[in-house]
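Residue 6 is where the sequence shown starts when you use our numbering, and the numbers rise one by one after that.
Glycine is no exception: its CB is placed at the ideal position from the N, C-alpha and C atoms.
Every value quoted in this text rests on a predicted model; they were computed, and no experiment measured them.
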Amino acid sequence: MAYRKLMNVVVFLLLLPVFCGSAIRLPELKDINGHWAEEYITECTERGICVGYDSGYFMPAKPVTRAEFIKMVVNAFLTSGPGSGGDGNGNTAGRVFKDIVGHWAETYIMKAYASGIILGVDDDRFMPDKEISRQDAVLILSRVEHALGTRLHETLQETPFVDSEYIREECRQAVTHFQMAGIISGKTGNMFDPIGSMTRAEAAKCIILTIRRYESPT
(Lines of atoms letter the chains of each structure in order from A and count residues from 1; the text may use other names and numbers.)
(Lines give C-alpha, C1' and ligand atoms only; values in the text may rest on other atoms or scores of the structure.)
Protein backbone atom coordinates (compact mmCIF):
# COMPACT_ATOMS: atom_id res chain seq x y z
CA MET A 1 0.00 0.00 0.00
CA ALA A 2 2.80 2.40 0.91
CA TYR A 3 4.53 1.58 -2.37
CA ARG A 4 1.35 2.36 -4.33
CA LYS A 5 0.95 5.72 -2.57
CA LEU A 6 4.57 6.54 -3.32
CA MET A 7 4.10 5.73 -7.00
CA ASN A 8 0.97 7.91 -7.13
CA VAL A 9 2.98 10.83 -5.77
CA VAL A 10 5.76 10.23 -8.31
CA VAL A 11 3.28 10.13 -11.20
CA PHE A 12 1.61 13.34 -9.96
CA LEU A 13 4.94 15.15 -9.78
CA LEU A 14 5.84 13.99 -13.27
CA LEU A 15 2.54 15.24 -14.67
CA LEU A 16 2.53 18.52 -12.76
CA PRO A 17 4.27 20.57 -15.49
CA VAL A 18 1.67 19.38 -18.00
CA PHE A 19 -1.20 20.86 -15.98
CA CYS A 20 0.63 24.02 -14.93
CA GLY A 21 0.99 25.97 -18.15
CA SER A 22 2.88 28.76 -16.42
CA ALA A 23 5.67 26.33 -15.65
CA ILE A 24 6.35 25.78 -19.33
CA ARG A 25 8.48 28.52 -20.86
CA LEU A 26 8.97 28.93 -24.58
CA PRO A 27 12.52 29.45 -25.83
CA GLU A 28 13.38 33.16 -25.89
CA LEU A 29 13.83 34.51 -29.40
CA LYS A 30 17.12 36.37 -29.75
CA ASP A 31 16.23 38.87 -32.46
CA ILE A 32 12.85 40.38 -31.57
CA ASN A 33 13.67 42.45 -28.48
CA GLY A 34 12.76 46.04 -29.35
CA HIS A 35 11.49 45.09 -32.80
CA TRP A 36 8.36 46.97 -33.92
CA ALA A 37 6.50 43.63 -34.17
CA GLU A 38 7.78 42.16 -30.90
CA GLU A 39 4.36 41.99 -29.22
CA TYR A 40 2.76 40.32 -32.25
CA ILE A 41 5.55 37.79 -32.66
CA THR A 42 5.51 37.00 -28.95
CA GLU A 43 1.76 36.46 -28.95
CA CYS A 44 2.03 34.41 -32.12
CA THR A 45 4.50 32.02 -30.53
CA GLU A 46 2.60 31.88 -27.24
CA ARG A 47 -0.57 30.90 -29.10
CA GLY A 48 1.30 28.18 -30.98
CA ILE A 49 0.70 29.83 -34.34
CA CYS A 50 4.35 30.07 -35.33
CA VAL A 51 7.78 29.28 -33.97
CA GLY A 52 11.30 30.50 -34.34
CA TYR A 53 14.14 28.65 -36.01
CA ASP A 54 16.31 26.06 -34.28
CA SER A 55 19.02 28.72 -34.02
CA GLY A 56 16.82 30.65 -31.58
CA TYR A 57 16.12 33.42 -34.07
CA PHE A 58 12.74 34.41 -35.50
CA MET A 59 14.14 36.38 -38.45
CA PRO A 60 11.27 38.92 -38.56
CA ALA A 61 12.47 40.61 -41.76
CA LYS A 62 12.68 37.34 -43.68
CA PRO A 63 9.98 36.85 -46.35
CA VAL A 64 7.40 34.26 -45.38
CA THR A 65 6.72 31.47 -47.85
CA ARG A 66 3.30 30.38 -49.03
CA ALA A 67 3.63 27.17 -47.00
CA GLU A 68 4.72 29.00 -43.85
CA PHE A 69 1.85 31.47 -44.12
CA ILE A 70 -0.71 28.71 -44.62
CA LYS A 71 0.61 26.90 -41.56
CA MET A 72 0.19 30.08 -39.51
CA VAL A 73 -3.34 30.62 -40.82
CA VAL A 74 -4.40 27.03 -40.15
CA ASN A 75 -2.94 27.12 -36.64
CA ALA A 76 -4.66 30.44 -35.96
CA PHE A 77 -8.10 29.91 -37.44
CA LEU A 78 -8.76 26.39 -38.70
CA THR A 79 -7.81 24.07 -35.85
CA SER A 80 -11.44 22.97 -35.47
CA GLY A 81 -12.51 23.45 -39.07
CA PRO A 82 -12.88 20.91 -41.89
CA GLY A 83 -10.35 18.15 -42.20
CA SER A 84 -8.25 17.48 -45.27
CA GLY A 85 -10.84 15.37 -47.05
CA GLY A 86 -11.22 17.59 -50.08
CA ASP A 87 -13.44 20.18 -51.71
CA GLY A 88 -16.59 18.08 -51.91
CA ASN A 89 -15.93 17.10 -55.51
CA GLY A 90 -13.51 14.29 -54.77
CA ASN A 91 -10.48 16.56 -55.01
CA THR A 92 -7.85 16.84 -52.30
CA ALA A 93 -5.03 19.38 -52.30
CA GLY A 94 -2.53 16.61 -52.91
CA ARG A 95 -4.49 15.51 -55.92
CA VAL A 96 -4.88 19.03 -57.30
CA PHE A 97 -1.44 20.42 -56.42
CA LYS A 98 1.25 18.08 -57.67
CA ASP A 99 4.05 19.97 -55.92
CA ILE A 100 2.93 19.50 -52.30
CA VAL A 101 3.07 15.71 -52.08
CA GLY A 102 5.64 14.88 -49.40
CA HIS A 103 6.17 18.55 -48.54
CA TRP A 104 6.52 19.32 -44.81
CA ALA A 105 3.41 21.56 -44.99
CA GLU A 106 1.28 19.15 -47.00
CA THR A 107 -1.27 18.53 -44.23
CA TYR A 108 -1.68 22.27 -43.58
CA ILE A 109 -2.14 23.01 -47.28
CA MET A 110 -4.65 20.16 -47.58
CA LYS A 111 -6.67 21.53 -44.66
CA ALA A 112 -6.61 25.05 -46.08
CA TYR A 113 -7.74 23.73 -49.45
CA ALA A 114 -10.56 21.73 -47.86
CA SER A 115 -11.67 24.90 -46.08
CA GLY A 116 -11.80 26.80 -49.36
CA ILE A 117 -9.27 29.49 -48.49
CA ILE A 118 -6.57 28.79 -51.07
CA LEU A 119 -6.10 28.29 -54.76
CA GLY A 120 -2.93 27.40 -56.60
CA VAL A 121 -0.73 29.63 -58.71
CA ASP A 122 -2.00 27.68 -61.71
CA ASP A 123 -4.07 24.57 -62.39
CA ASP A 124 -1.86 22.04 -60.62
CA ARG A 125 0.81 23.90 -58.63
CA PHE A 126 0.70 25.59 -55.24
CA MET A 127 4.41 26.53 -55.15
CA PRO A 128 4.70 26.15 -51.35
CA ASP A 129 8.26 27.45 -51.11
CA LYS A 130 7.60 30.63 -53.07
CA GLU A 131 7.47 33.85 -51.05
CA ILE A 132 3.87 34.96 -50.54
CA SER A 133 2.94 38.39 -51.83
CA ARG A 134 1.27 40.95 -49.62
CA GLN A 135 -1.87 40.95 -51.75
CA ASP A 136 -2.17 37.15 -51.73
CA ALA A 137 -1.74 37.02 -47.95
CA VAL A 138 -4.58 39.50 -47.46
CA LEU A 139 -6.77 37.61 -49.94
CA ILE A 140 -6.29 34.40 -47.94
CA LEU A 141 -7.23 36.17 -44.70
CA SER A 142 -10.39 37.47 -46.38
CA ARG A 143 -11.28 33.92 -47.38
CA VAL A 144 -10.84 32.89 -43.75
CA GLU A 145 -13.61 35.36 -42.94
CA HIS A 146 -15.89 33.61 -45.40
CA ALA A 147 -14.92 30.16 -44.11
CA LEU A 148 -15.68 31.21 -40.52
CA GLY A 149 -18.88 33.00 -41.50
CA THR A 150 -17.81 36.29 -39.95
CA ARG A 151 -16.61 39.71 -41.01
CA LEU A 152 -14.31 42.25 -39.41
CA HIS A 153 -15.86 45.57 -38.45
CA GLU A 154 -14.51 48.44 -40.54
CA THR A 155 -13.55 51.28 -38.22
CA LEU A 156 -11.43 53.46 -40.51
CA GLN A 157 -12.19 55.50 -43.60
CA GLU A 158 -10.86 54.20 -46.88
CA THR A 159 -7.56 55.76 -47.84
CA PRO A 160 -6.65 54.40 -51.28
CA PHE A 161 -3.05 53.33 -51.65
CA VAL A 162 -1.15 55.29 -54.27
CA ASP A 163 -0.29 52.04 -56.05
CA SER A 164 -3.81 50.58 -55.81
CA GLU A 165 -3.99 50.26 -59.59
CA TYR A 166 -1.33 47.55 -59.36
CA ILE A 167 -3.33 45.44 -56.90
CA ARG A 168 -4.70 42.40 -58.67
CA GLU A 169 -8.42 42.74 -59.36
CA GLU A 170 -9.48 39.78 -57.22
CA CYS A 171 -7.49 41.16 -54.26
CA ARG A 172 -8.65 44.79 -54.31
CA GLN A 173 -11.80 44.38 -52.24
CA ALA A 174 -9.94 42.33 -49.62
CA VAL A 175 -7.12 44.89 -49.36
CA THR A 176 -9.58 47.77 -48.94
CA HIS A 177 -11.59 45.85 -46.33
CA PHE A 178 -8.57 44.89 -44.24
CA GLN A 179 -7.19 48.42 -44.44
CA MET A 180 -10.50 49.85 -43.19
CA ALA A 181 -10.58 47.20 -40.46
CA GLY A 182 -7.17 48.39 -39.26
CA ILE A 183 -5.35 45.15 -39.99
CA ILE A 184 -3.00 46.32 -42.73
CA SER A 185 -1.26 49.59 -43.45
CA GLY A 186 0.91 50.87 -46.22
CA LYS A 187 4.60 51.45 -46.47
CA THR A 188 6.34 54.81 -46.78
CA GLY A 189 4.43 57.13 -49.08
CA ASN A 190 1.17 55.21 -48.62
CA MET A 191 2.38 52.41 -50.89
CA PHE A 192 0.84 48.98 -50.41
CA ASP A 193 3.42 47.16 -52.55
CA PRO A 194 0.98 44.40 -53.56
CA ILE A 195 3.45 42.11 -55.28
CA GLY A 196 6.15 42.61 -52.65
CA SER A 197 6.82 39.73 -50.28
CA MET A 198 5.21 39.72 -46.85
CA THR A 199 7.72 39.35 -44.04
CA ARG A 200 7.42 37.03 -41.06
CA ALA A 201 6.89 40.06 -38.81
CA GLU A 202 4.14 41.45 -41.04
CA ALA A 203 2.44 38.06 -41.15
CA ALA A 204 2.48 37.81 -37.36
CA LYS A 205 1.01 41.30 -37.05
CA CYS A 206 -1.80 40.70 -39.55
CA ILE A 207 -2.80 37.39 -38.00
CA ILE A 208 -2.70 38.58 -34.39
CA LEU A 209 -4.64 41.76 -35.16
CA THR A 210 -7.24 39.68 -36.99
CA ILE A 211 -7.55 37.30 -34.04
CA ARG A 212 -7.91 40.20 -31.61
CA ARG A 213 -10.67 41.73 -33.70
CA TYR A 214 -12.51 38.41 -33.85
CA GLU A 215 -12.22 38.06 -30.07
CA SER A 216 -13.23 41.70 -29.39
CA PRO A 217 -15.23 42.86 -32.43
CA THR A 218 -16.10 46.30 -31.06
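- Element boundaries [alpha helix (DSSP H), containing F183]: Here the alpha helix (DSSP H) through F183 covers E174 to M185.
- Item | Rounded C-alpha distance that separates L144 from S190 | So the alpha carbons of these two residues sit roughly 15 Å apart.
- Residue of Y219, G61, D198 and K192 minimising C-alpha distance to G154: With distances taken between Cα atoms, G154 lies closest to Y219.
- What three-state label does DSSP hand M132 in the structure shown? Of the three classes helix, strand and coil, the one that applies to M132 here is coil, per DSSP.
- Message: Under 8 Å, with one C-beta from each stretch per pair, do the segment 106 to 126 and the segment 45 to 55 reach the 3-pair mark?
- Response: As far as the Cβ criterion goes, the segment 106 to 126 does not touch the segment 45 to 55, which means the pair count is below three.
- Query: What span of residues does the alpha helix (DSSP H) with E150 cover, start to end?
  - Reply: From DSSP, the alpha helix (DSSP H) with E150 extends over R139 to L153.
- Query: Taking C-beta to C-beta, are S147 and G201 nearer than 8 Å?
  - Reply: For S147 and G201, no; Cβs fall outside 8 Å.
- Per DSSP, cross-strand counterpart(s) of P68: Answer by DSSP bridge pairing, in chain order: T204.
- Task: Determine the direct distance from the alpha carbon of H158 to that of S221, and round the result to whole angstroms.
- Result: For S221 and H158, the distance between alpha carbons rounds to 10 Å.
- Task: Name the two residues that bound the continuous alpha helix (DSSP H) containing E43.
- Result: First-last of the alpha helix (DSSP H) with E43: E43 to E51.
- Task: For Q162, count neighbouring C-beta atoms within 10 Å of its own C-beta (all shown protein chains included) and say buried if the count is 16 or more, exposed if not.
- Result: Burial call: exposed.
- Same chain, Cβ closer than 7 Å to T204, five either side skipped, listed in chain order: So the qualifying residues of the chain are P65, A66, K67, P68 and V69.
- Message: Quick test of the definition: if touching needs 3 or more C-beta pairs under 8 Å, does the segment 125 to 132 touch the segment 51 to 61?
- Response: Put simply, the segment 125 to 132 does not touch the segment 51 to 61. Fewer than three CB pairs are less than 8 Å apart.
- Query: Is any heavy atom of the ligand ZN found at a distance shorter than 7 Å from the C-beta of A179?
  - Reply: The model on display carries no ligand, and the ligand ZN is accordingly not part of it.
- Task: Taking S85 as the reference, give the member of A119, V101 and V56 with the closest Cα.
- Result: Taking only the C-alpha atoms, the option nearest S85 is A119.
- Task: Excluding the 5 residues preceding and the 5 following A42 in the sequence, name in chain order all residues of the same chain whose CB lies nearer than 8 Å to its CB.
- Result: Correct list, in chain order: P65, A206, E207, A209 and K210.
- Where do the ends of the alpha helix (DSSP H) carrying M115 lie? Membership of M115 in the alpha helix (DSSP H) is indicated by the continuous run E111 to A119.
- Would the beta-carbon of F197 fall within 8 Å of that of I172? It is a contact, given that the beta carbons lie within the stated cut-off.
- Task: Going by CA-CA distance only, name the one from T164, G39 and A72 that's closest to E136.
- Result: That would be A72, whose Cα lies nearest to the Cα of E136.
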